[in-house]
Amino acid sequence: MPDHAVVNDRWHPASWQEKAAGQQASYPDPEKLRQVLNQLSGLPPLVTSWEIEALKAQLGAAQRGEAFLLQGGDCAENFEDCSSPIIANKLKILLQMSLVLIHGLNRKVIRVGRIAGQYAKPRSADLETRNGISLPSYRGDLVNGPAFDAESRIPDPVRLLRGYGRAAMTLNFIRALTDCGFADLHHPENWNLEFVQHSPQALEYQRVVADLSKSLRFMETLAGTRNSELHRVQFYTSHEGLHLHYEQALTRRVPNRQGYYNLSTHLPWIGFRTAEVQGAHLEYYSGITNPVGVKVGPGMSDDWLQELVERLNPRQEPGKLLFIHRCGSERVNEVLPRMIDAVRRTGRQVLWVCDPMHGNTETSHSGYKTRRFEKILHELQQAIEIHQQMGSILGGVHFELTGDDVTECTGGARGLDDSGLERAYLTQVDPRLNYEQALEMALAIVRKAGT
Ligand code: PEP
Ligand code: CO
17 MPDHAVVNDR WHPASWQEKA AGQQASYPDP EKLRQVLNQL SGLPPLVTSW
67 EIEALKAQLG AAQRGEAFLL QGGDCAENFE DCSSPIIANK LKILLQMSLV
117 LIHGLNRKVI RVGRIAGQYA KPRSADLETR NGISLPSYRG DLVNGPAFDA
167 ESRIPDPVRL LRGYGRAAMT LNFIRALTDC GFADLHHPEN WNLEFVQHSP
217 QALEYQRVVA DLSKSLRFME TLAGTRNSEL HRVQFYTSHE GLHLHYEQAL
267 TRRVPNRQGY YNLSTHLPWI GFRTAEVQGA HLEYYSGITN PVGVKVGPGM
317 SDDWLQELVE RLNPRQEPGK LLFIHRCGSE RVNEVLPRMI DAVRRTGRQV
367 LWVCDPMHGN TETSHSGYKT RRFEKILHEL QQAIEIHQQM GSILGGVHFE
417 LTGDDVTECT GGARGLDDSG LERAYLTQVD PRLNYEQALE MALAIVRKAG
467 T
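Sequential numbering of the sequence shown, starting at 17, is according to my numbering.
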């Protein structure tokens with residue numbers, strides 16, 4: 017095995033440009049792109065190095081089994097959905113799920129949204145063809161528009177500035193909400209989604225909340241003081257760091273710290289389609305100081321996985337590297353044990369996270385891209401068992417979900433079927449769990465993995 021323990025000293029924020037970069041937009045006007053990037057590089061960061069280091073420390077705890085990561089949000093955020101109810105609902109469902117997990121797993125839960133920057137998407141084809149007309153594929157709002165017309169599909173660099181702006185607005189609202197009464201653990205009723213009271217999970221959830229509130233009162237009575245720490249919650253952001261020009265423009269040095277930070281998000285991840293060892297994404301992500309995720313799954317050889325471990329965490333820092341496995345419910349039994357074993361043979365650690373969404377995408381009879389709740393859950397349950405049997409630690413979960421009443425995934429307690437998908441099928445890319453399915457998933461995790 018090659019030894020990459022020596023940190024790459026030729027790395028700099030633009031060194032990825034010497035390598036082949038997959039899934040990048042092709043801009044017709046390079047000069048305009050240059051001007052926009054120049055402007056972006058001068059704008060203030062969206063997150064701070066203190067937050068990033070605090071997250072890394074918590075992810076280190078998750079790697080040791082002392083905390084649990086809950087990462088979730090849209091497959092692709094879009095600029096239009098940068099609105100108060102949509103952001104607040106996403107925050108609410110993640111807070112509710114985290115309460116269920118804290119209660120059932122008896123571990124601190126680290127909340128990370130796929131939010132405030134999840135605007136760039138990898139696509140399986142460069143072109144999309146409808147009725148004999150071919151246009152460039154939609155690559156996320158950061159790059160072009162979803163409408164199927166030539167004008168919308170031209171990559172426009174100004175979208176990078178709009179994306180930065182939307183991310184800043186989203187983050188501003190999240191910070192305001194999580195820092196005030198809204199996030200106060202003494203008042204979890206603030207997190208109730210209107211529709212939760214009608215949900216099949218309502219009773220079970222209310223029981224969890226009542227139980228937690230009782231424990232909290234008990235602790236505070238013992239201590240004789242109210243725990244002011246519990247008036248706010250920590251919430252972190254993540255996105256697929258696909259658009260390397262954008263990521264580079266927000267990569268900075270900060271005073272009194274070593275290295276470069278990507279200050280566009282706390283936790284960027286490398287997608288399954290851009291994780292080649294020789295590729296530009298690996299080059300860029302091998303040099304930044306943030307914790308970094310990488311999607312891993314079928315088709316990746318042992319050597320490949322081992323190279324990822326060494327390149328992305330050369331200093332062997334705890335909480336630095338997340339392996340987010342997305343195998344599919346039919347293949348997880350064959351693929352995951354081999355991956356765990358390959359990592360084990362490096363003698364190094366990763367934080368294992370299960371993404372039970374991306375290996376389970378299918379097309380419904382009615383033609384919608386969908387996922388079945390039962391398959392998602394089944395992959396997760398198998399992953400929990402495999403990690404337990406192999407003495408390894410599943411430190412988190414990764415979902416595509418929304419706090420709204422959408423109909424994109426089938427199944428769950430309400431038994432949504434193919435014919436129900438059209439009622440509120442809103443996603444522009446992958447199907448998300450709706451608020452009820454998401455809460456049900458959290459309750460199911462606890463049933464399987466709870467202490
Ligand atoms: C995603 O997370 O939306 C995604 C495209 O996943 P993957 O890279 O695992 O296919
Ligand atoms: Co997706």
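Quick reminder that beta carbons are idealized off the backbone N, C-alpha and C, glycines included.
Point to revise | Close-in-space but distant-in-sequence residues of the same chain around A132 (CB under 6 Å, 5 per side omitted) | key: Taking the sequence shown and counting its residues from 1, one reaches residue 132 at position 116. Cβ within range, chain order: A183, T186, L187 and T253.
Check your understanding: At a cut-off of 7 Å, is C343 close to the ligand CO when judged by its beta-carbon and the heavy atoms of the ligand?
Key -> To locate residue 343, count along the sequence shown from 1; it is residue 327. Outside the cutoff, so no.
**Study point:** For E416 and C98, believed in contact at Cβ under 8 Å, the rounded distance
**Key:** Counting from 1 along the sequence shown, the entry for residue 98 is found at position 82. Counting from 1 along the sequence shown, the entry for residue 416 is found at position 400. With 8 Å as the limit, C98 and E416 do not qualify as a contact, their Cβ atoms being about 18 Å apart.
**Study point:** P18 (DSSP reduced to helix, strand or coil)
**Key:** Here residue 18 corresponds to residue number 2 of the sequence shown, with the count starting at 1. The predicted position of P18 is uncertain, since its pLDDT is 42 and thus under 50; a value taken from the coordinates is nonetheless stated next. In this structure, P18 counts as coil in the three-state DSSP scheme.
Check your understanding: For the beta strand (DSSP E) that Y252 lies in, which residues bound it at each end?
Key -> Translated into the one-based positions of the sequence shown, residue 252 becomes position 236. Counted as a single uninterrupted DSSP element, the beta strand (DSSP E) harbouring Y252 occupies residues Y252 to E256.
Practice item. Can you list the residues near the ligand CO, meaning Cβ strictly closer than 5 Å to any non-hydrogen atom, in the order they appear in the chain? Key: Qualifying residues come out as C91 and D446.
Exercise for review: Sort C425, V174, N208 and L86 by Cα distance to D446 and report the nearest one.
Suggested key: What you label residue 446 is simply residue 430 of the sequence shown in a count that begins at 1. Across the set C425, V174, N208 and L86, the C-alpha of C425 shows the shortest separation from the C-alpha of D446.
Review point. Do you know how far the Cα of L328 is from the Cα of S408?
Key: As a working mapping, residue 408 is identified with position 392 in the sequence shown. As a working mapping, residue 328 is identified with position 312 in the sequence shown. Their Cα atoms are separated by approximately 20 Å.
Review point. Is the region 281-295 touching the region 166-177, taking contact as three or more C-beta pairs under 8 Å?
Key: With a cut-off of 8 Å, the region 166-177 and the region 281-295 do not count as touching, because too few Cβ pairs lie within range.
**Study point:** Bounding residues of the beta strand (DSSP E) (the contiguous stretch that carries F339)
**Key:** Position 323 of the sequence shown, counted from the first residue, corresponds to residue 339. From DSSP, the beta strand (DSSP E) with F339 extends over L337 to H341.
Practice item. Use the C-beta contact count for D157: other C-beta atoms within 10 angstroms, 16 or more gives buried, fewer gives exposed. Key: Taking the sequence shown and counting its residues from 1, the one referred to as residue 157 is at position 141. The residue in question, D157, is buried, as its Cβ has 16 or more Cβ neighbours within 10 Å.
Practice item. Using a threshold of 8 Å, state whether the C-beta atoms of C343 and G315 are closer than that. Key: Residue 343 sits at position 327 when you count from the first residue of the sequence shown. Residue 315 sits at position 299 when you count from the first residue of the sequence shown. No, Cβ-Cβ distance for C343 and G315 is not below 8 Å.
Exercise for review: Can you give me the start and stop residues for the beta strand (DSSP E) that V125 sits inside?
Suggested key: Residue 125 sits at position 109 when you count from the first residue of the sequence shown. K124 to R130 is the span of the beta strand (DSSP E), which, as asked, contains V125.
Review point. The ligand PEP heavy atoms versus the CB of H471: any closer than 7 Å?
Key: This structure gives no information on residue 471, because the portion of the chain shown stretches from 17 to 467.
Exercise for review: Output the distance between the C-alpha atoms of A30 and L71, rounded to the nearest integer angstrom.
Suggested key: The sequence position of residue 30 within the sequence shown is 14, counting from 1. The sequence position of residue 71 within the sequence shown is 55, counting from 1. Looking at the two C-alpha atoms, the distance is approximately 25 Å.
Point to revise | Distance between A36 and V462 (C-alpha atoms, nearest Å) | key: To locate residue 462, count along the sequence shown from 1; it is residue 446. To locate residue 36, count along the sequence shown from 1; it is residue 20. Cα to Cα, the separation comes out at about 43 Å.
Review point. Could you give the distance in angstroms between the alpha-carbon of A454 and the alpha-carbon of V413?
Key: Here residue 454 corresponds to residue number 438 of the sequence shown, with the count starting at 1. Here residue 413 corresponds to residue number 397 of the sequence shown, with the count starting at 1. In this structure, the CA atom of A454 is about 12 Å from the CA atom of V413.
Review point. So is the beta-carbon of H478 under 7 Å away from any non-hydrogen atom of the ligand PEP?
Key: The shown model of the chain, from 17 to 467, leaves out residue 478, and the question about it has no answer.
Check your understanding: By a C-beta neighbour count over all protein chains shown, 10 Å radius and 16 as the cutoff for buried, is L59 buried or exposed?
Key -> For the purposes of this step, residue 59 is identified with residue 43 of the sequence shown, where counting begins at 1. That one is exposed.
Exercise for review: Tell me whether G468 counts as near the ligand PEP, meaning its Cβ is closer than 7 Å to at least one heavy atom of that ligand.
Suggested key: Within the shown structure, residues of the chain are numbered from 17 to 467, placing residue 468 beyond reach of any answer.
**Study point:** Closest residue to L110 among E210, D195 and L86 (Cα-Cα distance)
**Key:** Indexing the sequence shown from 1 puts residue 110 at position 94. With respect to the C-alpha of L110, the residue from E210, D195 and L86 having the closest C-alpha is L86.
**Study point:** Reduced DSSP secondary structure (H/G/I, E/B, other) of G407
**Key:** The residue given as residue 407 occupies position 391 in the sequence shown. Reduced to three states, the DSSP call for G407 is coil.
Review point. Quick one: does the C-beta of P138 sit closer than 7 Å to a heavy atom of the ligand PEP?
Key: The count along the sequence shown starts at 1 and reaches residue 138 at position 122. Because some heavy atom of the ligand PEP lies under 7 Å away, the Cβ of P138 counts as near it: yes.
Exercise for review: Indicate, with yes or no, if the ligand PEP has a heavy atom lying under 7 Å from the CB of D371.
Suggested key: Sequence index remark: in the sequence shown, residue 371 carries index 355 (1-based). Because some heavy atom of the ligand PEP lies under 7 Å away, the Cβ of D371 counts as near it: yes.
Check your understanding: Quick one: what's E390 bridged to in DSSP?
Key -> As a working mapping, residue 390 is identified with position 374 in the sequence shown. Its beta-bridge partners do not exist; DSSP assigns none.
Review point. CA-CA distance, S388 and Q398?
Key: Here the question's residue 388 lines up with position 372 in the sequence shown. Here the question's residue 398 lines up with position 382 in the sequence shown. For clarity, residue 388 is Arg in the given sequence; the question names Ser instead. So the two alpha carbons sit approximately 16 Å from each other.
Check your understanding: Of all the options V249, P216, H259 and H202, which has the alpha carbon lying nearest to the alpha carbon of M235?
Key -> As a first step, residue 235 is located in the sequence shown; it is residue number 219 there, counting from the start. Distances from the alpha-carbon of M235 to those of V249, P216, H259 and H202 put H202 closest.
Practice item. Figure out for me which residue from A136, F164 and S140 has the closest Cα to the Cα of I149. Key: Counted from its first residue, the sequence shown places residue 149 at position 133. Cα-wise, what sits closest to I149 is F164.
Review point. Quick one: what does DSSP say Q294 is sitting in, helix, strand or coil?
Key: In the sequence shown, the residue the question calls residue 294 occupies position 278. Of the three classes helix, strand and coil, the one that applies to Q294 here is coil, per DSSP.
Review point. Cα separation between R361 and W320?
Key: Residue numbering aside, residue 361 sits at position 345 when the sequence shown is read from its first letter. Residue numbering aside, residue 320 sits at position 304 when the sequence shown is read from its first letter. Whole-angstrom Cα-Cα distance: 13 Å.
Review point. If you compare alpha carbons, which of S382, L298, I400 and C196 is closest to W27?
Key: For the purposes of this step, residue 27 is taken as residue 11 along the sequence shown, with counting starting at 1. Just measuring C-alpha positions, the residue of S382, L298, I400 and C196 sitting nearest W27 is L298.
**Study point:** Range of the contiguous beta strand (DSSP E) that encloses P284
**Key:** On the sequence shown, residue 284 is found 268 positions in, with the first residue counted as 1. Note, P284: beta strand (DSSP E), L283 to I286.
**Study point:** Extent of the continuous beta strand (DSSP E) run through G156
**Key:** For the purposes of this step, residue 156 is taken as residue 140 along the sequence shown, with counting starting at 1. Per DSSP, G156 lies in no beta strand (DSSP E) segment and is marked neither H nor E.
Practice item. Going by DSSP, name the residue or residues bridged to R146. Key: Taking the sequence shown and counting its residues from 1, one reaches residue 146 at position 130. As a beta-bridge residue in DSSP terms, R146 pairs with I149.
Point to revise | Anticipated Cβ contact below 8 Å, L367 with Q79, distance rounded | key: Residue numbering aside, residue 367 sits at position 351 when the sequence shown is read from its first letter. Residue numbering aside, residue 79 sits at position 63 when the sequence shown is read from its first letter. So it is a contact: roughly 4 Å between Cβ atoms.
Exercise for review: Drop a sphere of 10 angstroms on the beta-carbon of P46, count the other beta-carbons inside from all chains shown, and report buried for 16 or more, exposed for fewer.
Suggested key: The residue you call residue 46 lines up with position 30 of the sequence shown. It is exposed - the Cβ of P46 has fewer than 16 other Cβ atoms within 10 Å.
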